[in-house]
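Here's the structure, in structure tokens; my notes come after.
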Amino acid sequence: MSLDLEQVALPIRDFAQQLKSGEREVKLRLERAVTITTALDHQELADLRQKIESSRGKVRWPAAGLFDNVCHSYPLPSLPQNFSVLAVDGSHIEIDRHRAIQCYLINLGQVILRYGEKAYASLSNKAFLSGKDKDVIIDNTPDESEEPSNGELLNIRSSVEECQLLAKMAGELPGTEPVLALLDGTLILWGLGRQTPSVRQLFLNKGLLPALDKIKAIAGLRQLSLASYISSPRSTDVVNAIRISLCKYQISDCSQYCFTTESTQECQAVGGLLDRELFGRFLDPGERTPLFVSPSSIVRNYYGEHQVYFFYLNVGEEIARVEIPCWIGEQSTLIELTHVLVYDQCRRGLGYPVALSEAHQQAVVTMADKDNFWRLVEQALVDYSLPGQESAKSRSKQTRWL
Amino acid sequence: MLTGHQATILNHICGLPTVGKQAKPKDYFYSGICPMSKTPVPMHRDCPLYVKGVSRLHIRINKKQFNLLSRHYGDLKGATIEKIGEIIESSITEFVSQSYELHQSPPFGSLAKTAIGSQVVFAVVYFAATLSIEPGRKPVARGRDETSSDDIYRQHPQLAQLLRTEFHSLVVGYSEENTLYNYLPPFPARIHSFVYLCDESERQRFSKSLDFLSLLVKAPQGSDELTAACLRYLAASKEDKRDFLVSGGRELSRLLAGEPQRLNSILKKIRP
């Protein structure tokens with residue numbers, strides 16, 4: 107039987123109605139947030155910065171570190187005449203435990219776009235397969251026995267592979283023109299917080315961080331910036347900083363002062379707002395916010411010299427979040443390069459960076475690709491006269507008998 | 151250096167426009183443009199095969215001459231006649247090719263060729279299109295702020311990778327061992343075979359007989375427009391252009407005796 111849409115039609119309408127009725131409340135909160143941020147003077151900003159640092163780890167919602175007033179906006183710098191944009195995006199086929207072979211596939215799309223004189227494009231992809239013996243088991247600690255590289259771990263692995271490939275592409279790129287290396291999504295491997303130390307070691311110390319080291323080294327030789335682009339970001343890091351400013355206590359400590367229902371707390375006046383909603387009020391198309399420091403504990407604890415900064419950018423169609431390593435954030439020329447090239451990519455890509463969009467198109471693994479992949483696996487088993495130990499459940503799904 | 155006698159072996163053949171060993175051992179071919187003078191090889195004075203007054207694109211040479219040429223020109227592969235596309239669909243009656251250059255399809259009605267082993271297959275280009283390489287992705291208008299369509303391609307260099315130009319060619323004959331046959335070859339061309347535009351001498355040789363017209367007017371893919379365009383295209387390489395078109399008209403009158411309206415329609419389009 108297919109999905110009976112009639113059963114969900116009414117609940118969908120209820121959701122829409124709730125959103126509509128909450129619109130006024132969101133507007134009020136937004137006005138409040140705007141008033142607070144525009145009223146912050148130099149001393150208050152310094153105090154807030156201090157309070158955010160003192161409250162770190164004590165508030166339930168991590169707040170971004172501030173450099174400048176939240177409502178400050180930066181105009182679009184001028185576009186260099188010649189430049190290149192590199193992008194990598196990944197897609198994967200997960201391990202299917204019902205299949206005869208336990209393996210996964212990562213497909214990475216890689217794009218090089220050169221603009222200006224000698225405009226040029228290279229679009230390609232790289233697929234690689236990992237099997238049980240080598241990569242599938244990534245941890246073998248006594249308490250967790252075998253942990254297959256699936257779900258969250260495969261996402262992390264894919265992100266690391268993307269960054270490694272980007273570093274390789276940046277190293278091999280000829281010429282001296284400025285370069286923007288782009289990744290999709292966040293630079294922060296969020297899932298690592300829940301993983302064991304050995305998994306963190308594998309993906310960070312032997313994966314992401316050496317790749318970032320390599321990109322940093324290349325950035326020492328030519329004008330190169332690395333950025334990670336988040337479309338329609340749902341983060342509240344900056345709004346959380348405003349929430350701290352509203353907290354009446356010297357140091358915000360939720361577990362000590364606010365264990366009762368949240369609706370009575372002062373900080374709730376701006377709660378529920380997204381950063382992008384706030385910056386929609388401050389930024390004209392092409393403008394960006396100041397830099398902020400990511401409050402992620404993963405970054406703080408494990409990223410070392412690659413702490414993550416971010417800014418929001420009005421790309422015309424939306425407010426996007428751009429994450430950069432701190433060593434880029436410390437060089438104004440590289441921030442400007444990132445700012446203008448990300449905006450330019452969005453302009454050329456009808457609202458989304460064209461290099462990332464093409465990298466995605468190169469990487470995407472469709473349902474038909476997946477079917478063909480598993481058919482190839484089965485054919486290989488047949489060719490080597492191996493038994494195809496497909497599970498009864500998998501067979502049952504494919505054969506829909508009456 | 152080749153002697154005058156050796157030069158007489160320069161002999162027009164419809165062989166593969168490439169350098170290398172052919173089906174028969176000891177039988178080597180070279181044809182192409184000299185990388186130095188940009189003229190057909192025998193016309194270049196420094197060329198070991200230079201023969202005054204002989205202009206041939208395709209020459210049959212022996213191994214010694216091949217080695218001589220190889221030494222003289224270095225990488226001969228780079229000096230071959232430029233191929234215009236590669237076959238991506240093939241049948242006995244037609245083939246579809248992808249152009250190597252975007253928007254660079256051979257003219258409608260022109261004569262293209264490809265090779266099947268020792269045979270050279272001739273085909274008339276009857277359709278060309280530029281489209282997205284992925285059926286689900288449609289191009290969108292991008293030029294609001296640009297002054298020319300070339301600017302759009304400069305501003306979006308990925309477009310050239312995401313679009314492709316295809317052309318369809320109707321098989322109208324083949325040649326083997328220097329003999330031309332105005333009927334379909336026994337086998338279809340291979341996928342990924344290279345496709346070339348026939349040069350003037352090939353066009354002249356092919357159009358000595360007008361038997362190919364019967365394939366053209368009867369083919370389901372053919373059209374009166376195509377028949378007329380092909381005749382006009384072939385006539386352009388003739389000194390006696392008018393005579394050729396008159397002969398073509400006569401042949402059509404015979405083939406389309408029972409279809410006067412159709413005949414008139416084509417004749418109007420080829421009127422000298």
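Heads up: the sequence lines are chains A and B, in that order. Throughout the first sequence, residue numbering follows my numbering, covering 107 to 508 in sequence. Throughout the second sequence, residue numbering follows my numbering, covering 151 to 422 in sequence. We put the CB at the ideal spot given by N, CA and C, even for glycine. Bear in mind that the values here come from a model prediction, so they are computed numbers and not experimental data.
Using 10 angstroms around the beta-carbon of V488 of chain A, count the other beta-carbons present and answer buried if the total reaches 16, otherwise exposed.
Classification of V488 of chain A: exposed, given that the 10 Å Cβ count is below 16.
Consider the Cβ of R454 of chain A: report whether some Cβ of chain B lies at a distance smaller than 8 Å.
yes
Quick one: does the C-beta of K418 of chain B sit closer than 7 Å to a heavy atom of the ligand MN?
Looking at this structure, you won't find the ligand MN or any other ligand, since it has none at all.
Going along the segment 300-313 of chain B in order, which residues come within less than 9 Å of chain A, judged by CB to CB distance?
Y303, R304, Q305, H306, P307, Q308, L309, A310, Q311, L312
Distance check for S319 of chain B and K388 of chain B, CA to CA, integer angstroms please.
A straight line joining the alpha-carbon of K388 of chain B with that of S319 of chain B spans about 22 Å.
For the segment 441-456 of chain A and the segment 413-427 of chain A, state whether three or more C-beta atom pairs, one from each stretch, are separated by less than 8 Å.
yes
Secondary structure at D290 of chain A, three-state DSSP: helix, strand or coil?
strand
DSSP on T302 of chain A, reduced to helix/strand/coil?
Under the three-state reduction of DSSP, T302 of chain A is assigned to coil, being neither helix nor strand.
I need the straight-line Cα distance from E375 of chain B to A265 of chain B, nearest angstrom please.
If you draw a straight line from the Cα of E375 of chain B to the Cα of A265 of chain B, it is about 27 Å long.
Please report whether the beta-carbon of A323 of chain A lies at a distance below 8 Å from any beta-carbon of chain B.
no
Between A:I158, A:L211, A:G171, which lies nearest to T472 of chain A when the distance is taken from Cα to Cα?
A:L211
Could you tell me which of B:S397, B:D301, B:E352, B:R421 sits nearest to K224 of chain A, measuring between CA atoms?
Nearest to K224 of chain A by C-alpha distance, out of B:S397, B:D301, B:E352, B:R421, is B:D301.
How many Å lie between T143 of chain A and G222 of chain A at the Cα?
Pairing T143 of chain A with G222 of chain A, the inter-Cα distance amounts to about 40 Å.
Out of B:S241, B:I341, B:N414, B:V290, point me to the one whose CA is closest to G455 of chain A's CA.
B:V290
If I follow the unbroken alpha helix (DSSP H) through G380 of chain A, where does it start and stop?
The sequence given here has Leu at residue 380 of chain A, not Gly. If you look at L380 of chain A, you'll find it isn't in any alpha helix (DSSP H); DSSP assigns it neither H nor E.
Is it buried or exposed, K176 of chain B, if we count other Cβ atoms within 10 angstroms and call 16 or more buried?
Interpretation of K176 of chain B is limited by its pLDDT of 42, a score under 50 that renders its predicted location unreliable; the figure taken from the coordinates is listed afterwards. Around the Cβ of K176 of chain B, a 10 Å sphere holds fewer than 16 other Cβ atoms; the residue is exposed.
Helix, strand or coil for G392 of chain A per DSSP?
DSSP places G392 of chain A in coil when its eight states are reduced to three.
Beta-carbon of E464 of chain A versus every beta-carbon of chain B: anything under 8 Å?
Interface residue, yes.
Of the choices A:G378, A:L288, A:A115, A:R340, whose alpha-carbon is the least far from that of G196 of chain A?
For G196 of chain A, the closest of A:G378, A:L288, A:A115, A:R340 by C-alpha to C-alpha distance is A:L288.
Mind listing the chain B neighbours of L219 of chain A? Cutoff is C-beta to C-beta under 8 Å, in chain order.
P307, Q308
Among all the DSSP beta bridges, which residues are the ones paired with V344 of chain A?
According to DSSP, which records beta bridges pairwise, V344 of chain A is partnered with nothing at all.
Does any residue of chain A bring its CB to less than 8 Å from the CB of G398 of chain B?
no
Excluding the five sequence neighbours on either side, which residues of its own chain have a C-beta within less than 7 Å of the C-beta of C77 of chain A, listed in chain order?
Shown here, chain A extends from 107 to 508; a query on residue 77 of chain A therefore has no answer.
List the residues of chain E whose Cβ lies closer than 8 Å to the Cβ of Y226 of chain A, in chain order.
Structure shown: chain E not included; protein chains present are A and B.
For a quick check, are the C-beta atoms of V266 of chain A and G297 of chain A less than 8 Å apart?
no
Taking the continuous beta strand (DSSP E) assigned at A279 of chain B, which residues delimit it?
269-282
Return the CA-CA distance between D239 of chain A and C209 of chain A, expressed in angstroms with no decimal places.
Any answer about D239 of chain A is weak, because its pLDDT of 48 lies below 50 and its placement is not dependable; what the coordinates show is given next. D239 of chain A and C209 of chain A: Cα-Cα distance of roughly 9 Å.
Which residue from A:L279, A:A276, A:C269, A:L286 puts its Cα closest to that of T292 of chain A?
A:C269
Would you call A115 of chain A buried or exposed, if buried means 16 or more other Cβ atoms sit within 10 Å of its Cβ?
exposed
Quick check on the DSSP output: the beta strand (DSSP E) that includes A206 of chain A runs from which residue to which?
It is not in any beta strand (DSSP E) - A206 of chain A carries neither H nor E in the DSSP assignment.
Find the nearest neighbour of L281 of chain B within the set B:G293, B:E316, B:S268, B:F337, judged by alpha-carbon distance.
Of the candidates B:G293, B:E316, B:S268, B:F337, the one whose C-alpha sits nearest the C-alpha of L281 of chain B is B:E316.
Fully enclosed by the segment 436-476 of chain A, which alpha helix (DSSP H) runs are 4 residues long or longer?
438-454, 460-469
Would the beta-carbon of L146 of chain A fall within 8 Å of that of I158 of chain A?
no
For the segment 289-302 of chain A, which residues have a CB atom closer than 9 Å to at least one CB atom of chain B, in sequence order?
none
For L229 of chain A, return the contacting residues in chain B, with the cut-off set at a CB-CB distance below 9 Å.
Q308, Q311, L312
DSSP puts V285 of chain A in a beta bridge; with which residues?
The partner list for V285 of chain A (beta bridge, DSSP) reads A:S190, A:L330.
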